[in-house]
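Protein chains in written order, with our numbering: chain A, 105 to 389; chain B, 370 to 620. We treat Cβ as the ideally placed atom computed from N, Cα and C, and that holds for glycine. Treat the numbers as computed from the prediction; the structure is a model and nothing was measured. The structure appears right after this line, and notes come after that.
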């Protein structure tokens, strides 16, 4: 760790990410905490940089968390999720069909077309496809899967692929589409899926989303101070509220890992991160 | 559908009927929760098709907790605990003067730059950014007469199309018409200056002094009308306008 500056890695999936972390930098400085951010365009490079020791904490997608955790296991290290947003807990994804569709259950998707998000989106692709698999349908064989690969490497953070999948459903190009529960509501407001034109076919079990990940002892300084300051941030503080609204939370919560089981099962079934984990774990030596 | 009322063990209850959160029920629900204290329990009932999916997703985004939810026979019954930060925006909010300028203290001496574009009399949330207004002091900008002047200006608006007899016969010869066109050309330039000068002040005045801002805006609109009218007269018999002199521009 270079000096005592805590370096956070974050993926810039949207220009607002710069605004958010510059804002938090100012807030941390006002609390006498030396903090800086390294931004990446994709999670894989962030995970690799973290393993190489270039950042101390990583603001990770759930997929990046699992990549880091698997690499840590292989290289004799420990990985910890130290904090997350209140909005990162207990999300679900939904399968959506047009209101007049004759598809009534997941089993009815046999021989049909399902639109999903980017290949690496936990919420719009990986978790829902695993749900399809456990419903007895093999994605790609029993159900045609159409991927909407927007900005692969960002693990679906910007929801562009999800929105394109929804547009395809509205246009009649596919029979069903996958999205986060909240995005079904958002897309109705946006007019992508006008209210009353679609219905929810099925819902996944709850899962967790992003977390602040560290390698090694999570109670060492300055990581412990970072975590303490983060958890003490209050939505009642005007400057903090502006940043929290941009980042999409009302409060930071302690990290937990039990919510990653659905994604862990999906990556195990589809073997999507095996090559990357092997490559990075191998190069760490 | 009924509005929030006291339920058995809940602090309030709301029946959304068949209206979905994607079709406007969000407004009703938001209003009902905003009237409750943080931590209050609110019973929610509704029969919209995807309510069991949308309600927890909406609560998660808004910081409320769903403590119970059951869906049967097309009806959803849920209990929501109002989020701790629901009333956070009110903390540190300030009242930006009062709307009626006749009220004592309504127009303040030095409006806060962080009141920005907020209407005078609005409750401004803490955390807004400051907007730079070069003219932000009452003694630089304000006059009590601005209120009456603005009322006068808006009452005296005229329509160029009907106020001027555009069809009136033109019987003088070309030399006179050329002179008239030259006068119109000079007047357009004059009125353009008369528009630009107040316009350059307009964006610099703190909106707290709204009547002064409004008066200048009507002035600008008036000058625009003058430009239109003089140009139209010049074009009645000619395809081009007269001369704009260096001396005239300099003046």
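Residue-level contact to chain B via CB, residue i, 8 Å cutoff
i	result
residue 198 (chain A)	yes
residue 189 (chain A)	no
residue 342 (chain A)	yes
residue 355 (chain A)	yes
residue 285 (chain A)	yes
residue 106 (chain A)	Confidence at residue 106 (chain A) is low in this model, with a pLDDT of 49, below 50, so the placement of that residue is unreliable and no value is reported for it.
residue 307 (chain A)	yes
residue 300 (chain A)	yes
residue 120 (chain A)	no
residue 304 (chain A)	yes
residue 397 (chain A)	Because chain A spans 105 through 389 in this model, residue 397 (chain A) falls outside it and cannot be assessed.
residue 162 (chain A)	no
residue 288 (chain A)	yes
residue 383 (chain A)	no
residue 252 (chain A)	no
residue 339 (chain A)	yes
residue 134 (chain A)	no
residue 293 (chain A)	yes
Opposing strand residues paired with residue i [DSSP bridges]
i	result
residue 430 (chain A)	Summary: the structure shown does not reach residue 430 (chain A), with chain A confined to residues 105 through 389, and so no result is reported for it.
residue 282 (chain A)	A:199
residue 414 (chain B)	B:384, B:446
residue 143 (chain A)	A:114
residue 217 (chain A)	A:248
residue 493 (chain B)	B:463
residue 334 (chain A)	In DSSP, residue 334 (chain A) forms no bridge with anything.
residue 303 (chain A)	A:201
residue 311 (chain A)	A:195
residue 358 (chain A)	A:187
residue 437 (chain B)	B:448
Any chain A beta carbon closer than 8 Å to residue i
i	result
residue 389 (chain B)	yes
residue 460 (chain B)	yes
residue 422 (chain B)	yes
residue 427 (chain B)	yes
residue 495 (chain B)	yes
residue 418 (chain B)	yes
residue 432 (chain B)	yes
residue 443 (chain B)	no
residue 392 (chain B)	yes
residue 457 (chain B)	yes
residue 386 (chain B)	no
residue 399 (chain B)	no
residue 452 (chain B)	yes
residue 614 (chain B)	no
Contacts around residue i, its chain only, beta-carbon distance under 6 Å, and the 5 residues preceding and following it disregarded
i	result
residue 310 (chain A)	194, 196
residue 446 (chain B)	414, 439
residue 323 (chain A)	none
residue 162 (chain A)	113, 150, 154, 317
residue 159 (chain A)	111, 113, 142, 153
Close beta carbons around residue i, own chain, < 8 Å, minus the five adjacent residues each side
i	result
residue 187 (chain A)	315, 316, 331, 334, 335, 356, 357, 358, 359
residue 300 (chain A)	203
residue 121 (chain A)	114, 115, 143
Cβ neighbours of residue i in the same chain (closer than 7 Å, five flanking residues each side left out)
i	result
residue 80 (chain A)	Residue 80 (chain A) cannot be examined here, being either before or after the span of chain A that is shown, 105 to 389.
residue 176 (chain A)	182, 183, 319
residue 148 (chain A)	257, 380
residue 593 (chain B)	564
residue 395 (chain B)	427
residue 617 (chain B)	555, 558
residue 405 (chain B)	380, 381, 411, 451
residue 607 (chain B)	550
8 Å contact criterion, which residue i and residue j should meet: CB distance rounded
i	j	result
residue 451 (chain B)	residue 411 (chain B)	6 Å
residue 273 (chain A)	residue 208 (chain A)	Incorrect: roughly 16 Å between the Cβ atoms, too far for contact.
residue 199 (chain A)	residue 306 (chain A)	5 Å
residue 621 (chain B)	residue 492 (chain B)	What the structure shows of chain B is the stretch from 370 to 620, and residue 621 (chain B) is not part of that stretch, so it cannot be assessed.
residue 191 (chain A)	residue 352 (chain A)	6 Å
residue 254 (chain A)	residue 233 (chain A)	Residue 254 (chain A) to residue 233 (chain A), Cβ: 17 Å. No contact.
residue 519 (chain B)	residue 580 (chain B)	5 Å
residue 391 (chain B)	residue 388 (chain A)	Incorrect: roughly 47 Å between the Cβ atoms, too far for contact.
residue 480 (chain B)	residue 505 (chain B)	6 Å
residue 454 (chain B)	residue 354 (chain A)	5 Å
residue 484 (chain B)	residue 578 (chain B)	Wrong, their Cβ atoms sit about 11 Å apart, outside the cutoff.
residue 222 (chain A)	residue 251 (chain A)	7 Å
Notebook entry, point to check: Below 8 Å, can you find three or more Cβ-Cβ pairs linking the region 208-217 of chain A to the region 326-334 of chain A?
Noted result: no
Note to self: Between the region 363-373 of chain A and the region 136-153 of chain A, can you find at least three pairs of beta-carbon atoms closer than 8 Å?
What the structure shows: Short answer: they don't touch.
Check: Quick one: any contact between the region 255-265 of chain A and the region 113-124 of chain A, if contact means 3 or more CB pairs under 8 Å?
Finding: yes
Notebook entry, point to check: How do the region 591-601 of chain B and the region 558-578 of chain B stand: do at least 3 beta-carbon pairs fall below 8 Å, yes or no?
Noted result: Judged by Cβ distances under 8 Å, the region 591-601 of chain B makes contact with the region 558-578 of chain B, as three or more pairs qualify.
Next item on the list: Mind the definition here: the region 419-436 of chain B touches the region 535-542 of chain B only if three or more C-beta pairs lie below 8 Å; say whether that holds.
Entry: No: fewer than three Cβ pairs fall under 8 Å.
Check: Taking contact to mean at least 3 C-beta pairs separated by less than 8 Å, is the region 500-516 of chain B in contact with the region 565-576 of chain B?
Finding: yes
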